[in-house]
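In our numbering, the protein residues as written are 22 to 207.
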């Protein structure tokens, strides 16, 4: 009789643990964290706005026409970041050709540059943008970078670069994509 009670107690404990694990996402899978809360930001001087994950640090450099977002966590020797930069552009070169020019500059400047994706697309808010996704190394650190180019009114371009380590790309790329999808031009 005592053996039966012990067996029933063990079965109950194992069953309770299994039910708990199944409610939390199953066996052998990492728990999925909820989507981070978002902060909204708009720069009247640059005419751009976007949302970014709560806890990220934002610095606006008005005189340099830039905004820097920094992830609060370091991975290896690199801190994931997104940089927005507005530049004057007096040329009438089509977006596709400007994207080709930026690709050539990046290829020449980045060690081990490997292009993974290049596209011109319509943003959910209706404007056209060009993007490059590539990997390269900086001081022997393998990096993954997303480069976005779009034309603004008044002969200006917005360049967005989002960079993280290659190892942290699966964690950060969805956040980068979310930031870029939230982009507003006014």
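Using N, Cα and C, we set each Cβ at its ideal position, and we do this for glycine too. No experiment lies behind these values; they were computed from the predicted model shown.
Using 9 Å as the threshold, is the C-beta distance between residue 201 and residue 169 below it? Their beta carbons are under 9 Å apart, which means residue 201 touches residue 169 by this criterion.
What whole-angstrom Cβ distance do residue 133 and residue 101 have, given they're in contact under 8 Å? Contact doesn't hold; Cβ gap of about 19 Å is too wide.
Nonlocal neighbours in the same chain, by C-beta distance under 7 Å from residue 203, ignoring five residues either side: 71 and 72, listed in sequence order.
Under a three-way DSSP split, which group does residue 71 fall into? strand
State the beta-bridge partners of residue 139 as determined by DSSP. Residue 139 is bridged to 153.
Whole-angstrom Cβ separation of residue 183 and residue 103, contact assumed at under 8 Å? Contact flag correct, Cβ pair sits at about 4 Å.
How long is the line joining the alpha carbons of residue 149 and residue 136, rounded to whole angstroms? A direct Cα-to-Cα measurement between residue 149 and residue 136 gives close to 21 Å.
Which of helix, strand or coil DSSP assigns to residue 98: coil
In its own chain, which residues sit with a C-beta less than 8 Å from the C-beta of residue 117, not counting the 5 before and 5 after it? 141 and 151
Among 68, 95, 66 and 61, which has the Cα closest to the Cα of residue 79? 61
If I measure Cβ to Cβ from residue 68 and keep anything under 7 Å in the same chain, skipping five residues before and after, which residues do I get? Correct list, in chain order: 173, 206 and 207.
Taking the straight line between their C-alpha atoms, what separation do you get for residue 125 and residue 178? 17 Å
Using C-beta distances below 6 Å, list every residue in its chain close to residue 194, excluding the 5 sequence neighbours before and after it, in chain order. When the five nearest sequence neighbours on each side are left out, no beta carbon in the same chain lies closer than 6 Å to the beta carbon of residue 194.
Range covered by the alpha helix (DSSP H) that runs through residue 202: 190-202
Alpha carbon to alpha carbon, what distance is there between residue 176 and residue 164? One Cα belongs to residue 164, the other to residue 176, and the distance between them is close to 31 Å.
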